[in-house]
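Here the sequence shown is numbered in numbering that gives the first Met the number 0, starting from 0 and rising by one per residue.
Built from N, CA and C at the ideal position, the CB exists for glycine as well.
Just so you know, these numbers come straight off a predicted model, no measurement behind them.
Report on the following structure.
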Amino acid sequence: MLISVFCIPMVAQASSEARFIIGNGTYSINGEIKTDAAPYIKDGRTFLPLRYAAYAVGIGDNSIAWQDDIQTAILCKAEKTIAITPGENRILVLQNGEVSQTLLSDAAPEIVQGRVMLPIRAIAESLDCDVQWDGPSQTAIIKMD
Numbered sequence: 000m001l002i003s004v005f006c007i008p009m010v011a012q013a014s015s016e017a018r019f020i021i022g023n024g025t026y027s028i029n030g031e032i033k034t035d036a037a038p039y040i041k042d043g044r045t046f047l048p049l050r051y052a053a054y055a056v057g058i059g060d061n062s063i064a065w066q067d068d069i070q071t072a073i074l075c076k077a078e079k080t081i082a083i084t085p086g087e088n089r090i091l092v093l094q095n096g097e098v099s100q101t102l103l104s105d106a107a108p109e110i111v112q113g114r115v116m117l118p119i120r121a122i123a124e125s126l127d128c129d130v131q132w133d134g135p136s137q138t139a140i141i142k143m144d
């Protein structure tokens, strides 16, 4: 797989916390309300829409790209580039153009209603974010320092 990355490694305003409630397409990212596809649970994994998951880990619009020829989403943050291909359980983390880490997940990202949906924990943790689960409220919480 050839990954050509042309996204500008700029991050969104640093978020301290994002909250995603299962079945609710309204999110809170650092207190700002956003709406999109609703998060869901599949096979015990929480899936979030890629763009808002990226915002939650401090990645802005200029650092999110779709590489149509290989059907892969590209996220850039500081020195790291993450390549996410729906349907594959393997997520590549690149540094300086070289694969530095391969994340294996028991749940593959998928496309639902035109949105790339991600099992969020592995990706968020690879970017040094803390992921918490509040069972009673069915809320995934992503915290970034």
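- In this structure, the alpha-carbon of Gly96 lies about 21 Å from that of Ala121.
- In the DSSP annotation of this structure, the continuous segment of the beta strand (DSSP E) that includes Ile140 starts and ends at 138-142.
- With 16 or more other Cβ atoms inside 10 Å of its own Cβ, Lys76 counts as buried.
- Per the C-alpha coordinates, the member of Ile28, Ser125, Gly24 positioned closest to Thr34 is Gly24.
- With contacts defined as CB atoms closer than 8 Å, Ser99 and Ile20 fail to qualify as a contacting pair.
- Pro118 has Phe46 as its beta-bridge partners, per DSSP.
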